[in-house]
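In UniProt numbering, the protein residues as written are 3 to 211. Built from N, CA and C at the ideal position, the CB exists for glycine as well. A quick write-up on the structure given underneath.
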Ligand code: 3PG
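Here it is, written out as structure tokens:
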């Protein structure tokens with residue numbers, strides 16, 4: 003499953019981090035992102051309709067690969083799987099959360115920042131990790147430093163990244179993709195401006211890892 007997560011990370015340079023307030027926005031949003039070239043989508047479990055959004059995208063947008071983000075509580079993992087999530091993302095890692103994510107048999111990105119956290123995940127066979135919160139935690143220089151002793155780890159940095167920073171992260175050997183919410187500005191989604199979202203997705207998709 004770690005390999006499946008590495009394969010998902012290789013599908014595109016950017017995983018958009020989605021906060022969807024209305025279930026009816028889910029399908030047009032996913033369609034706009036896919037049309038722009040981003041197929042791997044993270045719907046965060048931060049709104050009451052998040053699981054419903056995952057189910058709708060899984061059912062109605064076949065070219066999207068929808069996962070659940072903000073998987074914070076152990077019980078979130080199986081709820082996301084039941085809704086149709088194809089992968090899971092957690093901002094950090096606890097033993098209980100990792101156990102429940104393992105039980106879903108889905109690939110997942112577990113969050114880590116420090117070398118000790120990375121080593122703990124490596125002991126569980128995980129090399130595909132989320133680096134969160136990327137910018138406040140030390141950003142590009144920090145990830146560059148981790149590549150020395152931990153060259154096998156592949157990070158998806160997330161938190162405070164925009165298009166320009168994404169380009170710099172993607173130049174690192176240990177960063178195959180980045181995550182971020184900049185591709186879907188809150189106002190654009192609220193206004194139903196899917197054309198703008200598609201344009202931002204296309205810009206993001208054209209970055210090279
Ligand atoms: C996340 O959930 O990974 C982050 O909140 C996304 O960070 P951003 O909104 O700064 O891109």
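Inside the region 155-208, DSSP marks whole alpha helix (DSSP H) runs of 4 or more residues at positions 165-172, 188-192 and 196-207, from first to last along the chain. Between residue 40 and residue 14, the C-beta gap is smaller than 8 Å, which places the two residues in contact.
One residue list follows from the rule of a beta carbon closer than 5 Å to any heavy atom of the ligand 3PG, given in chain order as 19, 160, 161, 162, 182 and 183. Its chain contains 198 and 199 as the residues whose beta carbon lies nearer than 6 Å to that of residue 190, once the 5 sequence neighbours on both sides are disregarded; these appear in chain order.
Across the set 192, 124 and 106, the C-alpha of 124 shows the shortest separation from the C-alpha of residue 114.
Separation of residue 102 and residue 92 (C-alpha to C-alpha, rounded to the nearest whole angstrom) is 12 Å. Excluding sequence positions up to five before and after residue 11, its CB lies within less than 7 Å of the CB of 130, 156, 158, 178 and 179, all in the same chain and listed in chain order. Around the C-beta of residue 109, 16 or more other C-beta atoms lie within 10 Å, and the residue is accordingly described as buried.
Judged by their CB atoms, residue 45 and residue 56 are nearer to each other than the 8 Å cut-off. Taken atom to atom, the span from the alpha-carbon of residue 86 to that of residue 186 is near 22 Å.
As a beta-bridge residue in DSSP terms, residue 17 pairs with 181.
Residue 182 is classed as buried because its beta carbon has at least 16 other beta carbons within 10 Å across all chains shown.
Only residues of its own chain outside the window of five on either side were considered, and among them 47 have a CB closer than 6 Å to the CB of residue 78, listed in chain order. Judged by beta-carbon spacing, residue 117 lies beyond the 8 Å limit of residue 95, meaning their Cβ atoms are not closer than that value. Residue environment: residue 143 is assigned as exposed (fewer than 16 neighbouring CB atoms within 10 Å of its CB, all protein chains considered). Counting the other Cβ atoms within 10 Å of the Cβ of residue 88 gives 16 or more, which makes it buried. As DSSP reads the structure, residue 23 sits in no beta bridge. The three-state reading of DSSP puts residue 120 in helix, counting H, G and I together. Taking 8 Å as the cut-off, the beta carbon of residue 61 is found no closer than this to the beta carbon of residue 70. In this structure, the straight-line span from the alpha carbon of residue 153 to that of residue 25 is close to 40 Å. Taking C-beta separations shorter than 6 Å and ignoring five residues to either side along the sequence, the partners of residue 59 in its chain run 28, 32, 66 and 68, following chain order.
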